[in-house]
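Going by the numbering used here, the sequence shown opens with residue 1, and the numbers climb by one from there.
Cβ coordinates follow ideal geometry from the N, Cα and C atoms, glycine included.
These numbers were taken from a predicted model, which means no experiment stands behind them.
Quick notes on the structure that follows.
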Amino acid sequence: MARETAHDNERAIALLGLQPRDRVLDIGTGHGRSLSMIAASTAGVTATGIDSSDVMLAIATKRNKALIRQGRVHLQKASSDDLPFAAGSFDKAMAVHTLYFWQPAEPHLLSIARVLRPGGCFVLGFRPAEDKAVTEQFPASVYTFRTTNEVEALLVAAGFAIADRQRRDISGNSMVWLRATRT
Ligand SMILES: C[S@@+](CC[C@H](N)C(=O)[O-])C[C@H]1O[C@@H](n2cnc3c(N)ncnc32)[C@H](O)[C@@H]1O
Numbered sequence: 001m002a003r004e005t006a007h008d009n010e011r012a013i014a015l016l017g018l019q020p021r022d023r024v025l026d027i028g029t030g031h032g033r034s035l036s037m038i039a040a041s042t043a044g045v046t047a048t049g050i051d052s053s054d055v056m057l058a059i060a061t062k063r064n065k066a067l068i069r070q071g072r073v074h075l076q077k078a079s080s081d082d083l084p085f086a087a088g089s090f091d092k093a094m095a096v097h098t099l100y101f102w103q104p105a106e107p108h109l110l111s112i113a114r115v116l117r118p119g120g121c122f123v124l125g126f127r128p129a130e131d132k133a134v135t136e137q138f139p140a141s142v143y144t145f146r147t148t149n150e151v152e153a154l155l156v157a158a159g160f161a162i163a164d165r166q167r168r169d170i171s172g173n174s175m176v177w178l179r180a181t182r183t
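And the structure:
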């Protein structure tokens, strides 16, 4: 999975516009490849990954062993609808290929808005429901796909302003990245 989604995560990280000393949260980090990419991209940045799966956390911990020892990467078990961090703990946050598991999505987006500082940036990367070839590939009992318009409306309702939207329109492999600012 780490290789499959590497480009999607690289693009999300580029959209974060990282600055030295940024505190970055990766929600549903899975294998944690994005955490080492974030830490490597900009000096002084700290990357925190959360995931609800013990198995994925073990993989992410192994992958980031040296960076964890250096205090540049942190990993924690948590669910995105109940993030165990104080309000305004992060400057930037991202979630790639995680939105499908949020049903309903509202508590997750509100929880992310809470832990971001005002003016902070959130990048959400997902396969959009308008690509019907995508929705047919995955079981509806597990995955919820939403249109780009639906996701934008959810973000605005949770206290974000849409700052940028990027797309990859390839039938069966479409992708949307939304960059939103915490108002
Ligand atoms: C499809 S993987 C994506 C991993 C990585 N972000 C990527 O782009 O390759 C989704 C990850 O989100 C995690 N996840 C799903 N729902 C979650 C939730 N509510 N809170 C935290 N993690 C969650 C899963 O355990 C899994 O590791």
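Residue range of the beta strand (DSSP E) that includes residue i
i, result
"D8", "Not the beta strand (DSSP E): D8 falls in the alpha helix (DSSP H), residues A6 to L16."
"H74", "V73 to K77"
Residue i beta carbon near ligand 1 (any heavy atom closer than 6 Å)
i, result
"V96", "yes"
"M175", "no"
"M37", "no"
"F160", "no"
"G49", "no"
"S52", "yes"
"T42", "no"
"F101", "yes"
Three-way DSSP call (helix, strand, coil) for residue i in this model
i, result
"T29", "coil"
"F138", "coil"
"V24", "strand"
"A129", "coil"
Residue i vs residue j beta-carbon contact at 7 Å
i, j, result
"I50", "I27", "yes"
"L25", "A93", "yes"
"T181", "A161", "yes"
In DSSP terms, what residue i is bridged to
i, result
"R167", "V176"
"V96", "G125"
Range of the contiguous alpha helix (DSSP H) that encloses residue i
i, result
"V115", "E106 to V115"
"T148", "T148 to A157"
7 Å Cβ cutoff, residue i in contact with chain C
i, result
"L83", "Although the question refers to chain C, the structure presented lacks it and comprises just one protein chain."
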